[in-house]
Amino acid sequence: MSSHPATASTRVNADGREISMMTGASAESERELPAVPPEPVMEALKLNVYYGDFHAVHDVNLSFGKHEITALIGPSGCGKSTVLRCLNRMNDLVSGARVEGEVTYHGQNIYGRNVDPIAVRTQIGMVFQKPNPFPKSIYDNIAYGPRVTGMKVDNMDDLVEEALQGAALWDEVKDKLKQSAYGLSGGQQQRLCIARTIATKPDVILMDEPCSALDPIATSRIEDLMLQMRDDYTIIIVTHNMQQAARVSDRTAFFTARPDETTGNRTGLLVEFDQTSHIFANPTDKRTEDYISGRFG
Amino acid sequence: MSVATTTAREVTRAISSGRSKDKNVGSLVFLGALWFSLFFGVMVLLVLIVDTAVKGAPRFDSELLTNYGSIVRPESTGFRAGILGSLWLMLFTALFAVPLGIAAALYLEEFADKERWWNRLIEVNLQNLAAVPAIVYGLLAVAVMALMGFNTTGIVLGGAIALALLILPVIIITTREAVRAVPQDIRQGSLALGATVWQTTWRQTLPSAIPGIATGTILGLSRAIGEAAPLVVVGLAGSVLFDPTGVMSEITALPMQIYSLTSNSQEDLRTAASAAIIVLLIMILGLNALAIFIRNKFQKTW
Numbered sequence: 000m001s002s003h004p005a006t007a008s009t010r011v012n013a014d015g016r017e018i019s020m021m022t023g024a025s026a027e028s029e030r031e032l033p034a035v036p037p038e039p040v041m042e043a044l045k046l047n048v049y050y051g052d053f054h055a056v057h058d059v060n061l062s063f064g065k066h067e068i069t070a071l072i073g074p075s076g077c078g079k080s081t082v083l084r085c086l087n088r089m090n091d092l093v094s095g096a097r098v099e100g101e102v103t104y105h106g107q108n109i110y111g112r113n114v115d116p117i118a119v120r121t122q123i124g125m126v127f128q129k130p131n132p133f134p135k136s137i138y139d140n141i142a143y144g145p146r147v148t149g150m151k152v153d154n155m156d157d158l159v160e161e162a163l164q165g166a167a168l169w170d171e172v173k174d175k176l177k178q179s180a181y182g183l184s185g186g187q188q189q190r191l192c193i194a195r196t197i198a199t200k201p202d203v204i205l206m207d208e209p210c211s212a213l214d215p216i217a218t219s220r221i222e223d224l225m226l227q228m229r230d231d232y233t234i235i236i237v238t239h240n241m242q243q244a245a246r247v248s249d250r251t252a253f254f255t256a257r258p259d260e261t262t263g264n265r266t267g268l269l270v271e272f273d274q275t276s277h278i279f280a281n282p283t284d285k286r287t288e289d290y291i292s293g294r295f296g
Numbered sequence: 000m001s002v003a004t005t006t007a008r009e010v011t012r013a014i015s016s017g018r019s020k021d022k023n024v025g026s027l028v029f030l031g032a033l034w035f036s037l038f039f040g041v042m043v044l045l046v047l048i049v050d051t052a053v054k055g056a057p058r059f060d061s062e063l064l065t066n067y068g069s070i071v072r073p074e075s076t077g078f079r080a081g082i083l084g085s086l087w088l089m090l091f092t093a094l095f096a097v098p099l100g101i102a103a104a105l106y107l108e109e110f111a112d113k114e115r116w117w118n119r120l121i122e123v124n125l126q127n128l129a130a131v132p133a134i135v136y137g138l139l140a141v142a143v144m145a146l147m148g149f150n151t152t153g154i155v156l157g158g159a160i161a162l163a164l165l166i167l168p169v170i171i172i173t174t175r176e177a178v179r180a181v182p183q184d185i186r187q188g189s190l191a192l193g194a195t196v197w198q199t200t201w202r203q204t205l206p207s208a209i210p211g212i213a214t215g216t217i218l219g220l221s222r223a224i225g226e227a228a229p230l231v232v233v234g235l236a237g238s239v240l241f242d243p244t245g246v247m248s249e250i251t252a253l254p255m256q257i258y259s260l261t262s263n264s265q266e267d268l269r270t271a272a273s274a275a276i277i278v279l280l281i282m283i284l285g286l287n288a289l290a291i292f293i294r295n296k297f298q299k300t301w
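For the protein sequence lines, the chains are B and W, in the order given.
Numbering-wise (numbering that gives the first Met the number 0), the first sequence opens with residue 0 and increments by one.
Numbering-wise (numbering that gives the first Met the number 0), the second sequence opens with residue 0 and increments by one.
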């Protein structure tokens, strides 16, 4: 896409109707960013991940600032998704996965002995690559999270509306809340998944290539949504799309894969982590520059 | 002439040789053999059914369903006890086998660590159990009944245990397939919202798998309803003259009654047995039709 989504005030949506876009992004370019995240919500400290004998990620140190969007970019197999999945312990579900080092959430190590991964996941939500609504009604998709986590909810209808508003989906679905979520388009399904995540009132939202299965219009709606959500949540996004990282993120971490000399297994490592404007304008590392300028990957 | 044109001509010549390699003698003979095999299988079945139906035709009346068995009046003997007995057996077989089978399948698919040797042992055993002869399950049921201290043989409980054991592997295997067909995305989405594995299984995986489980269960039951061998071992009578009243009542089953009458010397009883075979076939076909209906109606496409 050639145009910056934040500069367009109106855009034609998939139905051919003109829709007004949120323009909260216009301030983005002038947004003052300290050199390092001032009050990091989450930090990874010497994070190493193994799948059995395979060393997937080597010594990653990152910190994610409050109400910032951090993008993790890099070529396939560089371990960026693995790092993301460590941040809410979704990697626990992969058999043979082992994590060394620390991931802290407000200073507490989420891999600590007394930490319940279920509780971690209620605070740190996740949106997946492929939209994965449950085979239930739109309403029940949103209400599922609060119900299973035993959240105290005064009025579920209000919560559902609030979550759908938060994901900019309410106007499109308010008349068909009892219909199956499978009737929605791909982009709507993905926003439903975001709404579903918001409904459990998390602090951090992880997004694993949330737009890679969507068309450009749906993609730009999700990007606008992310910029809008930044005021309330800390967002960490893995993306293959460098323009997307440049458009939405405040900070960018560039990963690459280093082949092992003896086994040929590729271990992911963090090359550079900086403000997005620096990464894309004048990267310090040669590998970052090569990747950004398209000479590699 | 350009190279490209020459190449194009050669290609045209190669594909328009005028003969299809799919229609040479070898493939036609093979196709014929396939048709014959199909024809043979279907014909044998058809001849058997028609023959049985013709033999049983004089007894297609309501007394066949409502009368008890009678040697004194063979022309109006009925299979009331057998039909009711079979229905009771199905009910209790399902009650025993379905919860156990679903629970076992869910454990193996959702909770078991497949690296552990005991889980691998269970896997291998399960495959083998499906191939165990029915009569062995009858013996097993006798042993179970004896262990539980029941002295009376030929009761609903014993027969249901034997049939439940028989169809348990079928239910486990089909349930596992249904559970495996639920996309991993759904589970991940649920877990990422802070649901426990138990909640995810109970609220997402199991409801999505129910059509598949129902289909497997019904197919299992339709196999069980036609079994006689394990019921012989647990001591079901060939004929009883009262309706079943509970799990401890002595019963007979339709296959048992058929089995005891087909070898009878009285012509009328053999005719009645032929008619009863058709009744049994209709029951089995009805169950299978129900299974197909459920599969087509509720099958999910992801």
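Glycine included, each C-beta is placed from N, C-alpha and C at the ideal position.
Bear in mind that the values here come from a model prediction, so they are computed numbers and not experimental data.
Counted within 10 angstroms of its Cβ, other Cβ atoms place residue i as buried (16 or more) or exposed
i      : result
T6/B   : Only weak support is given to the placement of T6/B: the predicted model assigns it a pLDDT of 38, under 50, and the question is left unresolved by the model.
M42/W  : exposed
W197/W : exposed
D273/B : buried
T204/W : buried
M241/B : buried
H54/B  : buried
M144/W : buried
W116/W : exposed
N90/B  : buried
G64/B  : buried
I48/W  : exposed
A102/W : exposed
E99/B  : exposed
A194/W : buried
G25/W  : exposed
A302/W : What the structure shows of chain W is the stretch from 0 to 301, and residue 302/W is not part of that stretch, so it cannot be assessed.
V278/W : buried
D231/B : exposed
V131/W : exposed
Endpoints, beta strand (DSSP E) assigned at residue i
i      : result
D91/B  : Per DSSP, D91/B belongs to no beta strand (DSSP E) and is neither H nor E.
M41/B  : P39 to Y50
P335/B : Since the first residue of chain B shown is 0 and the last is 296, residue 335/B is not available in this structure.
E271/B : R265 to Q274
T233/B : T233 to V237
L205/B : V203 to D207
Beta-carbon gap between residue i and residue j smaller than 9 Å
i      : j      : result
E38/B  : N60/B  : no
T92/W  : L220/W : yes
S207/W : Y143/B : no
D249/B : R229/B : yes
A56/W  : A274/W : yes
T148/B : T121/B : yes
D207/B : S80/B  : yes
M167/B : P132/B : Note on identity: in this sequence residue 167/B is Ala, with Met being the wrong assignment. Against a cut-off of 9 Å, the Cβ pair of P132/B and A167/B comes out as no contact.
V233/W : G148/W : no
V155/W : V239/W : no
G185/B : L213/B : yes
T196/B : G124/B : yes
T216/W : V97/W  : yes
C77/B  : L268/B : yes
A261/W : G153/W : Sequence check: residue 261/W is Thr here, not Ala. Contact: no.
R294/W : P210/W : yes
R79/W  : D242/W : yes
Presumed contact (8 Å Cβ cut-off) between residue i and residue j, rounded CB distance
i      : j      : result
A223/W : L128/W : Not really, about 15 Å apart at Cβ, beyond 8 Å.
I236/B : I109/B : Their Cβ separation, rounded to whole angstroms, is 19 Å, which puts I236/B and I109/B out of contact at 8 Å.
T320/B : R294/B : Limits of chain B in this structure are 0 at one end and 296 at the other, which puts residue 320/B out of reach.
E74/W  : D267/W : 5 Å
A142/W : L88/W  : No, A142/W and L88/W are not in contact; Cβ-Cβ is about 19 Å, not under 8 Å.
L71/B  : V82/B  : 6 Å
M255/W : L230/W : 5 Å
R175/W : A104/W : 5 Å
Q246/B : E271/B : Here residue 246/B is Arg; the residue named in the question, Gln, does not match the sequence. No, R246/B and E271/B are not in contact; Cβ-Cβ is about 19 Å, not under 8 Å.
L191/B : I137/B : 6 Å
Range covered by the alpha helix (DSSP H) that runs through residue i
i      : result
M255/W : L253 to T261
V126/B : Not the alpha helix (DSSP H): V126/B falls in the beta strand (DSSP E), residues I123 to V126.
P130/B : Unbroken run through P130/B: none, as it is neither H nor E.
K285/B : K285 to I291
Distance cut-off 8 Å: residue i Cβ against heavy atoms of the ligand GTP
i     : result
A93/W : Absence of the ligand GTP from the depicted structure is noted, as is the absence of any ligand whatsoever, leaving it without description.
Hey, which unbroken runs of the alpha helix (DSSP H) at 4 residues or more fall wholly within the region 111–187 of chain W? DSSP runs (the alpha helix (DSSP H)) wholly in the region 111–187 of chain W: 116–128, 133–146 and 155–179.
Mind pulling the beta strand (DSSP E) runs of 3 or more residues that sit fully within the region 58–113 of chain B? 68–72 and 96–104
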